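Chains as they are written, first to last, in the working numbering: chain A, 16 to 561; chain B, 475 to 775. Here's the structure we're looking at; comments come further down.
Set out below in structure tokens:
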């Protein structure tokens with residue numbers, strides 16, 4: 016019997032003009048690891064909420080068809096009963112942790128299932144050990160970072176040993192290291208305990224290698240339901256925005272079938288003679304470092320932002336920033352990267368003048384526009400037109416929506432409106448700072464944002480952006496700054512930084528092992544194509560990563 | 475600009491002290507007894523003794539700094555306001571120490587010694603009650619308290635869980651909203667309409683947040699049949715001493731209220747007992763409150 020089944024499910028939210036799910040039929044078998052993907056607003060989260068019983072019990076609306084979880088019909092069984100069979104982790108960890116200590120949080124779910132005290136204690140310990148959070152058990156949940164909270168939320172969903180785990184972008188707030196760890200923890204759980212996993216994820220390159228099956232949803236309907244390889248073939252033909260960078264790289268080189276991960280991609284390149292005996296890409300000499308556009312580091316001139324020996328220390332707590340030295344010049348496009356808690360958001364707040372350093376100085380050449388993670392925090396009025404000037408709205412392409420309510424806008428439109436707000440005013444901003452702007456965005460929306468930010472940099476505005484999204488960083492920036500424990504540990508051209516790493520590296524760079532400092536599929540294909548077409552090949556060298 | 479910091483300092487954290495070792499229900503009862511005593515007595519000397527007792531208990535429980543900081547930020551300004559309001563509106567005193575003339579709606583305002591002293595008594599009472607509540611927040615494990623409440627009233631415990639979880643979440647939301655407003659080129663909301671707009675945004679955010687938290691609680695099976703069978707927290711040898719201290723404090727407060735030694739009349743002229751018995755009561759209050767902290771066996775320095 017399927018652990019989860021949808022039979023002709025259609026659903027419309029209260030007051031909505033269209034169905035969010037239309038005639039969805041889907042079955043997840045015990046032990047399957049299934050990735051659910053699709054563009055923003057396609058109905059992924061609604062499908063997951065229907066599987067958890069929140070639709071229709073919690074949200075109301077019009078529901079047709081049948082959802083069954085472990086034999087329980089969600090029309091007659093509520094989220095509490097479904098929760099005994101299916102653990103759910105939603106996007107925002109802040110609202111998923113309800114108790115004041117981690118131990119109490121993990122205990123809650125099993126206490127509610129009526130387990131004996133000894134069984135509760137054992138379940139809590141084992142789950143904490145399995146997820147590597149044993150050290151957090153006696154910590155207060157209010158003191159945890161976003162990444163730690165997300166792990167605790169996952170542990171709380173798993174502690175009752177559910178037969179199915181439902182996860183809505185659990186890695187969206189995690190750094191690349193923690194994100195990869197989480198996916199492989201899920202895979203281990205799936206393999207060792209036969210737990211079925213239904214995972215929503217935009218960054219498919221992170222999870223396809225672990226998946227048994229991929230379901231793509233489009234306009235509330237199932238558009239594709241195949242194994243990872245089959246999905247990538249479908250995406251290449253029908254939905255290129257859903258392709259992974261590795262699949263695009265091999266697609267550009269004309270190599271079939273598309274790979275589901277780095278290992279498969281490298282194997283395909285070896286078969287095609289594009290990796291040498293030492294498993295390094297045999298490529299022409301890398302192109303000049305200036306290749307990443309006119310928005311690279313500019314010459315002399317007053318810095319848009321200058322941090323000199325900036326410390327930020329907490330009372331009775333650790334130092335968040337430790338003597339940070341950073342200069343951003345006009346027209347520069349810079350990304351700040353680093354693990355959760357490295358100090359990226361704090362650094363941006365210092366740049367915008369929201370915080371005062373304990374030691375050191377912060378100088379700016381003009382106004383700093385800071386866009387924080389939640390664009391909705393900037394909205395105060397009933398109409399888009401009241402939030403920003405007409406010129407600012409035109410700049411972000413929202414003139415046509417001037418009469419709408421800001422909270423009725425889509426995620427991407429909200430972000431553009433927030434950008435219009437922070438960039439509006441009489442004085443133009445010298446620096447635009449953005450904190451994790453791509454959270455919850457699909458690849459197409461990220462591409463549009465990267466292009467828009469590049470235009471601002473080309474106009475002379477400095478752009479400083481904190482992100483965990485290495486693919487987006489590679490698409491947008493010319494320079495990368497890596498923070499660790501509040502210190503700048505690397506600062507240089509993005510090609511050097513992201514091509515040489517493993518976690519902080521794009522999939523293309525990982526496939527090519529950093530060769531030619533290629534970060535994006537098109538760059539990788541441009542490097543390898545001469546090798547595939549020997550007549551045009553210049554001098555071949557070993558990979559640049561060596 | 476705000477100072478570096480950010481995290482709330484008023485929160486429970488396990489510390490190696492006798493009060494933290496006692497069960498949460500008894501730690502809460504101890505704090506409640508201190509607050510109740512402050513509501514029962516009205517003699518300024520006894521209220522001052524209770525204030526000393528709360529602060530000393532906070533220091534002995536390792537949270538003295540938190541209590542002093544909270545008092546400095548919020549309670550002392552409230553105390554000053556209470557004194558000021560009582561001085562301006564009270565008409566009961568006879569000993570005029572300043573004539574402030576005609577204040578329109580308030581009429582002729584004369585500052586009297588009695589009104590000033592009684593304002594101080596009210597403020598002191600507010601201070602002790604607030605600090606006692608903060609002592610409970612810092613020393614009673616909220617999860618253990620909720621467990622205890624769930625046995626008695628699941629619905630009330632659910633409401634309390636939602637509230638206790640939402641308070642820090644909404645606090646974080648408010649900080650974010652304030653920062654976002656400061657990022658607007660116009661400096662954000664100003665004036666009454668601006669504040670109203672911020673309030674509207676905060677309330678709509680609070681509603682969204684409460685729905686999210688409620689959904690998570692429901693998915694975790696909160697309130698489902700066959701709920702918790704978690705073990706009761708183990709008894710501690712400190713339970714008895716804090717329970718005895720709580721009873722002793724309330725008993726002493728009642729004794730002071732009923733006996734001439736604790737008599738205090740603010741109006742029309744100040745009448746206040748100041749006998750050896752009053753002094754003895756003032757000494758006994760902190761002594762009883764601090765006695766349970768004397769047992770520090772097993773706590774290594």
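Idealized CB from N, CA, C, for every residue including glycine. Here the structure is a predicted model, which means the values were calculated and not measured.
(message) Any beta carbon from chain E within less than 8 Å of residue 393(A)'s own beta carbon?
(response) The structure shown contains no chain E; its protein chains are A and B.
(message) Given a cut-off of 8 Å on the beta-carbon distance, is the pair residue 565(A) and residue 359(A) in contact?
(response) Outside the displayed range of chain A (16 to 561) lies residue 565(A), so it cannot be described from this structure.
(request) Would you give the residue range spanned by the alpha helix (DSSP H) that residue 486(B) belongs to? (result) For residue 486(B), there is no enclosing alpha helix (DSSP H), since its DSSP letter is neither H nor E.
(message) Please list, in chain order, the chain A residues whose beta carbon lies closer than 9 Å to that of residue 444(B).
(response) Residue 444(B) is absent from the model: chain B starts at 475 and stops at 775.
(message) What does the Cβ neighbour count give for residue 630(B), buried or exposed, with the cut at 16 atoms within 10 Å?
(response) With fewer than 16 other CB atoms across the displayed protein chains lying within 10 angstroms of its CB, residue 630(B) is exposed.
(request) Report the three-state DSSP secondary structure of residue 241(A) (helix, strand or coil). (result) Note: residue 241(A) maps to strand in three-state DSSP.
(message) Is the separation between the beta-carbon of residue 779(B) and that of residue 527(B) shorter than 8 Å?
(response) Since the first residue shown for chain B is 475 and the last is 775, residue 779(B) is missing from the structure and cannot be characterised.
(message) I want to verify the contact list: residues of chain A whose CB lies under 7 Å from the CB of residue 660(B), in sequence order.
(response) What residue 660(B) touches in chain A: 440.
(request) Using the Cα positions of residue 18(A) and residue 228(A), report the straight-line distance between them to the nearest angstrom. (result) The alpha-carbon atoms of residue 18(A) and residue 228(A) are separated by roughly 15 Å.
(request) For chain A, find out if any of its Cβ atoms is closer than 8 Å to the Cβ of residue 724(B); answer yes or no. (result) No, its Cβ sits nowhere closer than 8 Å to a Cβ of chain A.
(message) Applying the 10 Å Cβ sphere with the 16-neighbour rule, what's the burial state of residue 670(B)?
(response) Residue 670(B) comes out exposed.
(request) Measuring alpha carbon to alpha carbon, tell me which of 766(B), 531(B), 497(B), 499(B) ends up nearest residue 715(B). (result) It is 766(B) whose Cα lies nearest to the Cα of residue 715(B).
(message) For the structure I just gave you, are there three or more beta carbon pairs, one from the stretch 187-197 of chain A and one from the stretch 134-141 of chain A, closer than 8 Å?
(response) The answer is no - the stretch 134-141 of chain A does not touch the stretch 187-197 of chain A, with fewer than three Cβ pairs under 8 Å.
(request) Would you check if there are 3 or more beta carbon pairs closer than 8 Å linking the stretch 550-563 of chain B to the stretch 527-541 of chain B? (result) Taking a cut-off of 8 Å on C-beta distances, the stretch 550-563 of chain B does not touch the stretch 527-541 of chain B, as fewer than three cross pairs fall below it.
(message) Counting C-beta neighbours from all protein chains within 10 Å, is the total for residue 753(B) 16 or more, i.e. buried, or is it exposed?
(response) Burial state of residue 753(B) is exposed, judged by a 10 Å Cβ sphere holding fewer than 16 other Cβ atoms.
(message) Determine whether the beta carbon atoms of residue 368(A) and residue 447(A) lie at a separation below 8 Å.
(response) Not closer than 8 Å, so no.
(message) Can you check whether the C-beta of residue 657(B) is within less than 8 Å of a C-beta belonging to chain A?
(response) Taking 8 Å as the CB threshold, residue 657(B) lines the interface with chain A.
(request) Compute the beta-carbon to beta-carbon distance between residue 325(A) and residue 277(A), rounded to the nearest angstrom, for a pair I have assumed lies under 8 Å. (result) 37 Å between Cβ atoms; not a contact.
(request) Please check if any C-beta of chain A sits within less than 8 Å of the C-beta of residue 501(B). (result) It does not: the Cβ of residue 501(B) has no partner Cβ on chain A nearer than 8 Å.
(request) Return the CA-CA distance between residue 405(A) and residue 399(A), expressed in angstroms with no decimal places. (result) For the pair residue 405(A) and residue 399(A), the Cα-to-Cα distance works out to about 10 Å.
(request) Would you mind working out which of 205(A), 528(A), 350(A) sits nearest residue 478(A), comparing C-alpha positions? (result) The candidate whose alpha carbon is nearest that of residue 478(A) is 350(A).
(message) Quick check: the Cα distance between residue 451(A) and residue 679(B), rounded to an integer number of angstroms?
(response) Using only the alpha carbons, I get a separation of about 20 Å.
(message) Assuming contact is defined by CB atoms lying nearer than 8 Å, are residue 658(B) and residue 39(A) in contact in what I supplied?
(response) The criterion of a C-beta distance shorter than 8 Å is not satisfied by residue 658(B) and residue 39(A).
(request) Look up residue 328(A) in the DSSP assignment and say whether it is helix, strand or coil. (result) Residue state for residue 328(A) is assigned as strand, using DSSP reduced to three classes.
(message) Assess contact between the stretch 240-259 of chain A and the stretch 93-108 of chain A, defined as three or more Cβ pairs (one per stretch) separated by less than 8 Å. Is contact present?
(response) Contact between the stretch 240-259 of chain A and the stretch 93-108 of chain A is absent: fewer than 3 CB-CB pairs across the two stretches fall below 8 Å.
(message) Strictly by DSSP, which residues pair up with residue 321(A)?
(response) For residue 321(A), the beta-bridge partners assigned by DSSP are 342(A), 378(A).
(message) For residue 673(B), which residues in the same chain have their Cβ closer than 8 Å to its Cβ, ignoring the five residues on either side in sequence?
(response) If you ignore the 5 residues before and after residue 673(B), its C-beta comes within less than 8 Å of no other C-beta in its own chain.
(request) Run through the stretch 121-187 of chain A for me and flag every whole beta strand (DSSP E) of 3 or more residues, listed as ranges in chain order. (result) Within the stretch 121-187 of chain A, the runs of beta strand (DSSP E) at least 3 residues long that lie entirely inside it are, in chain order, 179-183.
(request) Determine the extent of the beta strand (DSSP E) in which residue 48(A) is found, giving its start and end residues. (result) Taken as a continuous stretch (DSSP letters only), the beta strand (DSSP E) holding residue 48(A) covers 48-52.
(message) Counting only C-beta atoms, is residue 148(A) closer than 8 Å to chain B at any point?
(response) Chain B, which has no Cβ nearer than 8 Å to the Cβ of residue 148(A), makes this no.
(message) If we define contact as Cβ-Cβ less than 8 Å, is residue 437(A) a contact residue for chain B?
(response) For residue 437(A), the answer is yes, since a Cβ of chain B falls inside 8 Å of its Cβ.
(message) Distance cutoff 8 Å, beta carbons only. Does residue 708(B) sit that close to anything in chain A?
(response) Not closer than 8 Å to any Cβ of chain A, the Cβ of residue 708(B) fails to qualify, so no.
(request) Assign residue 388(A) to one of three DSSP states: helix, strand, or coil. (result) If DSSP states are grouped into helix, strand and coil, residue 388(A) belongs with coil.
(request) Run down chain A in chain order and give the residues with a C-beta less than 7 Å from the C-beta of residue 616(B). (result) Residues of chain A passing the Cβ test: 115.
(request) Take residue 473(A) as the anchor and find which of 455(A), 499(A), 453(A), 445(A) has the nearest alpha-carbon. (result) Comparing Cα positions, the closest option is 445(A).
(message) Does chain A have any CB closer than 8 Å to the CB of residue 693(B)?
(response) Closer than 8 Å to some Cβ of chain A, the Cβ of residue 693(B) qualifies, so yes.
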